[in-house]
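Below: the structure, in structure tokens.
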Amino acid sequence: MVKIVIVEDNEMNMRLFSDLLQVRGYRVAECLDATKAVALVRKEKPDLILMDIQLPEISGLTLIERIRRLPAFRKTPIVAISAFVMPAEERAILNSGCDAYLSKPIDIPTFFKTIAGFAPPPARAAAKG
Ligand code: MN
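492 is the number of the first residue of the sequence shown in our numbering; add one for each residue after it.
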């Protein structure tokens with residue numbers, strides 16, 4: 492089982508990311524409420540975290556920093572995802588402690604390739620016929 496926590500406040504984006512990942516065989520835990528993100532990560536112990544940056548209550552950058560302060564999650568891959576930002580802000584995102592950055596709207600092949608680079612999808616039984 493390869494588990495991914497998705498932190499994303501927009502329900503349509505959440506649906507898209509969650510469905511894409513589940514089709515690839517990942518187990519997904521959805522977090523629409525950013526204030527619950529750190530608690531959910533501690534509970535789920537994911538193999539990877541997909542973190543939206545623009546969140547209503549708290550910045551995704553702050554959440555990344557908080558997660559990184561927890562010894563158990565110091566090395567958990569975090570892929571940040573954000574609407575297009577200026578280069579300085581992109582640097583700030585990459586300096587926050589995440590491992591990769593994707594811009595919205597996502598390019599689906601890049602999305603899968605980036606995630607699989609940190610958390611390969613589980614091998615599935617061949618579905619024949
Ligand atoms: Mn958002």
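C-beta: ideal position from N, C-alpha, C; glycine also.
Reference residue i; option with closest CA among the options
i, options, result
"proline 578", "Tyr592, Val570, Met542", "Tyr592"
"lysine 595", "Lys536, Asp543, Pro568", "Asp543"
"isoleucine 572", "Arg557, Leu561, Asp590, Arg559", "Asp590"
"glycine 608", "Lys527, Thr526, Thr553, Thr567", "Thr567"
"proline 611", "Ser550, Leu546, Leu539", "Leu539"
"valine 519", "Val498, Ala525, Lys527", "Val498"
"valine 570", "Arg559, Leu546, Ile606, Pro547", "Ile606"
"methionine 492", "Arg506, Pro547, Asp598, Glu535", "Glu535"
"serine 550", "Phe603, Asp598, Asp524", "Asp524"
"asparagine 501", "Glu581, Leu552, Arg557, Pro547", "Pro547"
"arginine 557", "Pro613, Glu580, Arg533, Gln545", "Arg533"
Supposed contact pair residue j and residue i - C-beta distance, whole angstroms, cut 8 angstroms
i, j, result
"leucine 541", "phenylalanine 508", "6 angstroms"
"cysteine 522", "leucine 511", "With 8 angstroms as the limit, cysteine 522 and leucine 511 do not qualify as a contact, their Cβ atoms being about 16 angstroms apart."
"valine 529", "leucine 554", "7 angstroms"
"proline 537", "isoleucine 495", "6 angstroms"
Per DSSP, the bridge partner or partners of residue i
i, result
"glutamate 521", "Ile497"
"serine 594", "Ser573"
Segment contact flag, the stretch 565-585 with the stretch 512-530, C-beta cutoff 8 angstroms, min 3 pairs
Contact between the stretch 565-585 and the stretch 512-530 is absent: fewer than three C-beta pairs spanning the two stretches fall below 8 angstroms.
Which runs of the alpha helix (DSSP H) spanning at least 4 residues fall entirely within the stretch 532-584, listed in chain order? The stretch 532-584 contains these whole alpha helix (DSSP H) runs: 551-559.
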